[in-house]
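Start counting the sequence shown at 1362; every next residue gets the next number (the numbering used here).
C-beta: ideal position from N, C-alpha, C; glycine also.
Down below is the structure, laid out as structure tokens.
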Amino acid sequence: MSSIGRILRHAVQGKRETCEACGESFECGPLLGCWCGKESVPAEARRELQCNYSRCLCQGCLRAAAEAAARPAAD
């Protein structure tokens, strides 16, 4: 299969990724709207994630980061 064919297949069908935080394998489908686009992650948490990780995170790790950001800071 050509490089363009592989790119198109991954864009349409998604591709297997490995979470940079925990190592879990998950399906990523950016062109057709990956599940991560539906997750509500506060801007501050998103900035922190971008500073700490260069690749995608699994749904569990992304949700945990969003929930942690939503919790009030401990005094």
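Cβ-Cβ distances below 7 Å link Cys-1389 to Gly-1375, Lys-1376, Glu-1378, Cys-1395, Cys-1417 in the same chain, with the five nearest sequence neighbours on each side left out; the list follows chain order. As computed with DSSP, Arg-1377 is found in a beta bridge with Glu-1388. Considering only Glu-1400, Asn-1413, Gln-1411, the residue with the shortest C-alpha distance to Ala-1427 is Glu-1400. If you look at Ala-1429, you'll find it in the alpha helix (DSSP H) that goes 1420 to 1431.
Inter-residue distance for Val-1402 and Tyr-1414 is about 15 Å (C-alpha atoms, whole angstroms).
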